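To start, the structure itself, in structure tokens.
In my numbering, the protein residues as written are 2 to 400.
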């Protein structure tokens, strides 16, 4: 079995309302979908983040490395792509991951096995998720604004009551220090028994992060996620704040994990299948975390059903996974796969797909609509300006 053709498609989906974060706001979301064909008629699907530059990178550099290879030869293809991240950074890893995930899908289809069986077998039938609470601007219909403390708490109540989440993550770095501490206090008062997380997307100075961290000690967090940028600054803050620290921005590969471990900067690594270059690399991260007794959870970067399925299989086969995963499924207003597989239960979980490979299929009509939406909108940067903070440029000491 050899890879004979690879199709690369750019798509766009909407958020229900524009989500706000430290770097801007997002109303529309650009993703890349790949379809990897084999010479015996199997098709594997993958997705990744990024727009036309990443899609061009896939077609120019990654596709030639994968064509003619067996989809089972993951490590060989990763070895061929060794220098892509050196010259293209995270975009290179995301480009590799799209095809790598599709190859795992093919392997499952070829063997008649769900992906988790290829990763060591299923330890859990359902995977827990956290409520993801963003500030939001109103959409074009005037719906969906989440600005005040009251709106933050009301939306958290809606999510917890509808889906049964036992963990709430608040995305900060948007309001003032005083307002965001007040929001976290209000969430703790509203949910005295739930686990809380706070993630300002590394917008704070170390001094601000320490000051806020002292407030969060009294509130009680499951973990404090990426308050500052870089392992050195994280280590400085962690030394002063008695909370677990989590990251997907300071530890971004095994090299930076080694640095983080030496500096004692983090407690929990948030692995990202796409930003780490695929499932095989996340398996290596999992093993490394076990060796060094670091916590492991998985990051969400707005993945659609293909990516969500990959995370479910990965989580199902992961021994040490004590945390609820992040997901944007409650914020996204579009999809490209068929209904019936990826959905939240009423107790804050998603069921692990059981079909061959990823266990999900592209919906032709949805896929076509998403491609058409991209043709109309073009690339939508993750750094789109937040209209509620017009002219504000985020810097690491802004608050």
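Where is the CB? At the ideal position from N, CA and C, for every residue including glycine.
Just so you know, these numbers come straight off a predicted model, no measurement behind them.
- A check of alpha carbon separations from residue 121 across 35, 4, 284, 167 identifies 284 as the nearest.
- Counting of Cβ neighbours within 10 angstroms places residue 228 among the buried residues, the total reaching 16 or more.
- The alpha-carbon of residue 278 is positioned some 9 Å away from that of residue 102.
- Every unbroken stretch of the beta strand (DSSP E) spanning 3 or more residues and falling wholly within the region 163-187 is given here in chain order: 168-172.
- Of the candidates 157, 98, 64, 44, the residue whose Cα lies closest to the Cα of residue 109 is 44.
- The beta carbons of residue 289 and residue 258 sit closer together than 8 Å.
- Counting the other CB atoms within 10 Å of its CB gives residue 355 a total below 16, which places it among the exposed residues.
- Approximately 5 Å separates the beta-carbon atoms of residue 13 and residue 378; this is inside 8 Å, confirming the contact.
- For residue 335, the CB contacts under 7 Å within the same chain, skipping 5 residues up- and downstream, are 14, 15, 371 in chain order.
- Residue pairing by DSSP places residue 10 opposite 34 in a beta bridge.
- Taking C-beta separations shorter than 6 Å and ignoring five residues to either side along the sequence, residue 376 has no partners in its chain.
- In the DSSP annotation of this structure, residue 224 is not part of any alpha helix (DSSP H); the continuous beta strand (DSSP E) holding it starts and ends at 224-226.
- In the three-state DSSP reduction, residue 88 falls in the helix class (H, G or I).
- For residue 306, no beta strand (DSSP E) run applies; the uninterrupted alpha helix (DSSP H) run containing it begins and ends at 306-317, by DSSP.
- Residue 29 is bridged by DSSP to 15.
- Counted as a single uninterrupted DSSP element, the beta strand (DSSP E) harbouring residue 133 occupies residues 132-134.
- The beta carbons of residue 123 and residue 337 sit no closer together than 8 Å.
- Bounds of the alpha helix (DSSP H) holding residue 282 are 280-292.
- Taking 8 Å as the cut-off, the beta carbon of residue 49 is found no closer than this to the beta carbon of residue 5.
- DSSP places residue 22 in the strand class (E or B) of the three-state scheme.
- Beta-bridge partners assigned by DSSP to residue 248: 270.
- When C-alpha distances from residue 234 are compared across 114, 252, 383, the shortest belongs to 252.
- Distance between residue 143 and residue 19, taken at the CA atoms: about 11 Å.
- Taking C-alpha positions only, residue 272 is separated from residue 301 by approximately 9 Å.
- With fewer than three CB-CB distances shorter than 8 Å, the region 171-180 does not count as touching the region 29-37.
- Setting aside the 5 residues that flank it on each side, residue 92 is surrounded in the same chain by 51, 54, 55, 58, each with a C-beta closer than 8 Å to its C-beta; the list follows chain order.
- If you look at residue 297, you'll find it in the beta strand (DSSP E) that goes 296-299.
- Exposed is the label assigned to residue 112, since fewer than 16 other Cβ atoms lie within 10 Å of its Cβ.
- Residue burial is scored here from C-beta neighbours: residue 88 has fewer than 16 other C-beta atoms within 10 angstroms and is therefore classed as exposed.
- Note: residue 127 is bridge-paired with 352 in the DSSP secondary-structure output.
- Under the DSSP assignment, residue 48 falls outside any alpha helix (DSSP H), being part of the beta strand (DSSP E) whose first and last residues are 44-50.
- Here the region 128-135 makes contact with the region 159-172; the two share three or more CB pairs at distances below 8 Å.
- Relative to residue 323, the option among 24, 154, 291 whose CA is nearest is 291.
- Within the region 63-125, complete beta strand (DSSP E) segments of at least 3 residues are not found at all.
- Under DSSP, the beta-bridge partners assigned to residue 196 are 168.
- At a Cβ-Cβ threshold of 8 Å, residue 100 and residue 161 do not count as neighbours.
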